[in-house]
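This report concerns only the one structure given below.
Written as structure tokens, this is what we have:
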């Protein structure tokens, strides 16, 4: 899968761009605080092409990370692809 195919799996929900808190039981709680670079109307990153340079805390999703991360929402396009066996 090339980069363009990989990125096409994203459904632009923006949920991964909101702050999250993990409680003492390991549950992930989503806050209503988005990343400062997320356009909350379009759900698109304002600095997408240079996001890792400008904002090093941004997580670069890979198939391996998608399989491991607990905080990706079940409706995430990457998670859906994983369940379908695409990843």
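In my numbering, the protein residues as written are 158 to 244. Beta carbons: idealized from backbone N, C-alpha and C, even for Gly.
query: Rounded distance between the beta-carbons of residue 238 and residue 244, thought under 8 Å; result: 5 Å
query: Beta-carbon contacts of residue 197 that lie in its chain and below 8 Å, excluding the five residues immediately before and after; result: 171 and 191
query: Per DSSP, the bridge partner or partners of residue 187; result: 177
query: Helix, strand or coil at residue 195 [DSSP, three-state]; result: strand
query: Helix, strand or coil at residue 201 [DSSP, three-state]; result: strand
query: Nearest-angstrom Cα separation, counted from residue 165 out to residue 174; result: 17 Å
query: C-beta atoms of residue 223 and residue 205 nearer than 8 Å; result: no
query: Residue 239 (DSSP reduced to helix, strand or coil); result: helix
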